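Visitor:
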Amino acid sequence: MKYYIKRTVFTIAEALVLTFLLFLFFRNYNPVYLFVFVLILLLFLRWLFHKLILWKVLHFSIHRIDKMTGQEFEEFLKIHFEHMGFLAKTTKTSNDYGADLILQKKNLTIAVQAKRYQANIGVKAVQEVIGSMAYYQAQKGLVVTNSTFTRNAEALALANNVILWDRDVLVRLLSGEPMTGYINELLEPPEKLLRNY
1 MKYYIKRTVF
11 TIAEALVLTF
21 LLFLFFRNYN
31 PVYLFVFVLI
41 LLLFLRWLFH
51 KLILWKVLHF
61 SIHRIDKMTG
71 QEFEEFLKIH
81 FEHMGFLAKT
91 TKTSNDYGAD
101 LILQKKNLTI
111 AVQAKRYQAN
121 IGVKAVQEVI
131 GSMAYYQAQK
141 GLVVTNSTFT
151 RNAEALALAN
161 NVILWDRDVL
171 VRLLSGEPMT
181 GYINELLEPP
191 EKLLRNY
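Position 63 of the sequence shown, counted from 1, bears residue number 63 in full-length UniProt numbering, the numbering being contiguous throughout.
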């Protein structure tokens, strides 16, 4: 983290020095050049700000997630899935047919139910995502929670191509550990997933 902050400060300092030098160079020239330069600089700073925000979101703690609202948790997951290479869309906040996010990658559609709760997650969340799989024509379902799942929820998920990510998986995601196994499980064909169990 310290390296990233130092590198960011260094990049900002580089941008400011470059701005000053170019300003000295362009001040006696056409104002259009100066305008173009300022525009490029603003776009660069916007990109840098976006990278800083992305880094901050990707390094939240589990305790911060515990304090999020449901909608904030959905946005947080959307950013993480996009970072993993998925095309992620949030659904409407009401009448979402049981899915909070729709993921797409490699001709595979995944319906995601995000549950930020303190209590264990039961079969209702799994049933909701199963229903959304038909509506959104998803081949798989995923329920992500900052809590844990009941045994009944696990059994229902197993029988219906629904993958469960509990608090332990979320902590692993936040720690920056490789998520290759979890992503591969999401991308496996549904038939292969059932054969593995």
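We put the CB at the ideal spot given by N, CA and C, even for glycine. Small disclaimer: the values here were computed from a predicted structure and weren't measured.
Counting C-beta neighbours from all protein chains within 10 Å, is the total for residue 43 16 or more, i.e. buried, or is it exposed?
Guide: Taking the first residue of the sequence shown as 1, we reach residue 43 at position 43. Using a 10 angstroms sphere on the CB of residue 43, the tally of other CB atoms stays under 16, which defines it as exposed.
Visitor: Return the residue from the list 80, 137 and 108 that minimises the CA-CA distance to residue 114.
Guide: One-based indexing of the sequence shown puts residue 114 at position 114. The shortest C-alpha separation from residue 114 is found at 80.
Visitor: Under 8 Å Cβ to Cβ from residue 187, same chain only, skipping five residues before and after it: list those, please.
Guide: The residue you call residue 187 lines up with position 187 of the sequence shown. Once the five neighbours on either side are set aside, the close Cβ partners of residue 187 are 105, 106 and 108.
Visitor: Using DSSP bridges, identify the partner residues of residue 143.
Guide: In the sequence shown, residue 143 corresponds to position 143, counting from 1. In DSSP, residue 143 forms a bridge with 113 and 164.
Visitor: Take residue 99 and list the residues in its own chain whose beta-carbon comes closer than 7 Å to its own, dropping the five residues that flank it on each side.
Guide: The residue given as residue 99 occupies position 99 in the sequence shown. Here residue 99 has 91, 111, 112, 113, 129, 132 and 136 as same chain residues with Cβ atoms under 7 Å from its own Cβ, once five neighbours each way along the sequence are excluded.
Visitor: Just the Cα atoms here: how many angstroms apart are residue 68 and residue 18?
Guide: Along the sequence shown, one-based indexing puts residue 68 at 68. Along the sequence shown, one-based indexing puts residue 18 at 18. Approximately 40 Å between the Cα atoms of the pair.
Visitor: Answer with buried or exposed for residue 102, where buried requires no fewer than 16 other C-beta atoms within 10 angstroms of its C-beta.
Guide: To locate residue 102, count along the sequence shown from 1; it is residue 102. It counts as buried.
Visitor: If residue 152 and residue 123 are in contact, beta carbons under 8 Å, what's the gap, nearest whole angstrom?
Guide: On the sequence shown, position 152 is the one that residue 152 refers to. On the sequence shown, position 123 is the one that residue 123 refers to. Separation of the CB atoms of residue 152 and residue 123 is rounded to 5 Å, and the pair is thereby assigned contact status at 8 Å.
Visitor: Regarding residue 155 and the ligand MG, is the C-beta to nearest heavy atom distance less than 6 Å?
Guide: This structure does not include the ligand MG; it has no bound ligands of any sort.
Visitor: Given residue 179, which residues of its chain have a CB within under 8 Å of its CB, disregarding the five upstream and five downstream residues?
Guide: In the sequence shown, the residue the question calls residue 179 occupies position 179. Answer for residue 179: 84, 172 and 173, listed in chain order.
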